[in-house]
Amino acid sequence: MRQFMGGKTTPCSLSGLARKALMGVSVSVACLASSNAAMASTHHKSSHSAHTTHHAVASTGHARHVASSHKTSHNHTVAASYHSSHVRLAQYRHSGLQCVPYAREVSHIELSGNAYLWWAEAAGRYARGNQPQEGAVLNFRSIGRMPLGHVAVVTAVMDSRTILITQANWVRGTITNDVTVQDVSANNDWSQVKVELGDSSNWGAPYPTYGFIYNRPDTGVVVASNGQGNEVAEAPAATQVSNEAPNRNLQ
């Protein structure tokens, strides 16, 4: 074995240098491997953190979407409930429509009570007669199928035996306008009338009436269709009519 003697390198010294060089390479490789492992670990942690964050955001978004959908569903339910309540209220108001308050509102004749009582209630307050005039109230009598009578407001006078009226609850729960009414009395005094049933060629049974109530003060004289005045003592007696009259509970 050669040694380092007098500036010469021996085999022993070369072997030592080689070992040192190998150790240095090993340390470098180990450091590089450790560094790569640390970087890989950091990348993994970073990726895991990003994935976790994305998952959390996705979960939050899903929760918000579910909450939003629930809110929308709740709002839809509330709207549907409101609509249902509104319809029920409208139906209730519609079903409560009656002829008396409607005639009072349209004619401005401030009478109350059942329709068949209006003629007597008007005595001393409003003029009455058997001559049709626009704005007057046509007062129907009480009959078997219409025990509370009926009131309608004249909207136009077509001729001495034909008028148009507006009325409520003749067709139950509705207002009907421009309905034709014909005088079928023997004396042309509007004590018997027929009411149009949808078209001018179809008429119902005759109805007895008291006559017309006018929106002006009572002077004690009835307004007759012949233009002459007659004193009014009391409401005329009811006239028997056909049982074909509709069975309506009108007020």
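If you count by mature numbering (1 follows the signal peptide of the UniProt record, and there is no 0), then the sequence shown holds residues -40 to -1, 1 to 211, one letter each, in order. A virtual CB, placed ideally from N, CA and C, is assigned to each residue, including glycine.
- For Y62, there is no enclosing beta strand (DSSP E); the enclosing alpha helix (DSSP H) covers residues 59 to 67.
- In the DSSP annotation of this structure, the continuous segment of the beta strand (DSSP E) that includes A87 starts and ends at 86 to 89.
- By the neighbour-count criterion, in which 16 or more other beta carbons inside 10 Å mark a residue as buried, H68 falls on the exposed side.
- In this structure, V114 places its C-beta atom within 7 Å of the C-beta atom of I125.
- Distance from the CA of T140 to the CA of T169, rounded to the nearest whole angstrom, comes to 15 Å.
- A straight line joining the alpha-carbon of A146 with that of N90 spans about 13 Å.
- When secondary structure is reduced to three states using DSSP, A165 falls in the coil class, being assigned neither helix nor strand.
- Scanning A75, N74, G95, G84 for the CA closest to the CA of T179 turns up G84.
- With a contact defined as Cβ atoms closer than 8 Å, W79 and N99 qualify at about 5 Å.
- In chain order, L71, S72, G73 place their CB closer than 8 Å to the CB of E81, counting only its own chain and leaving out the 5 sequence neighbours on each side.
- Taking C-beta atoms under 8 Å as the contact rule, V153 and D143 qualify, at a distance of about 6 Å.
- About 5 Å separates the CB atoms of C59 and A128; that is less than 8 Å, so the two are in contact.
- For A96, the three-state secondary structure derived from DSSP is coil.
- Under the rule that a run must span 3 or more residues, the beta strand (DSSP E) segments found entirely inside the stretch 98 to 125 read 110 to 119.
- Assignment of beta-bridge partners to E156 by DSSP yields W163.
- Annotated as distal: L57 and G158, with beta-carbon spacing of 7 Å or more.
- Here the C-alpha atom of N137 lies approximately 15 Å from the C-alpha atom of E65.
- The alpha-carbon separation between V181 and Y86 amounts to approximately 11 Å.
- Residue pairing of T134 in beta bridges, as defined by DSSP: absent, with no partner found.
- For Y76, the CB contacts under 7 Å within the same chain, skipping 5 residues up- and downstream, are R101, S102, L108, G109 in chain order.
- Between the alpha carbons of M106 and A63 lies a gap of roughly 17 Å.
- The continuous alpha helix (DSSP H) containing W78 extends over residues 78 to 82.
- Assignment of beta-bridge partners to G171 by DSSP yields N99.
- Rounded to whole angstroms, the separation of the alpha carbons of Y167 and S151 is 8 Å.
- When secondary structure is reduced to three states using DSSP, A128 falls in the strand class.
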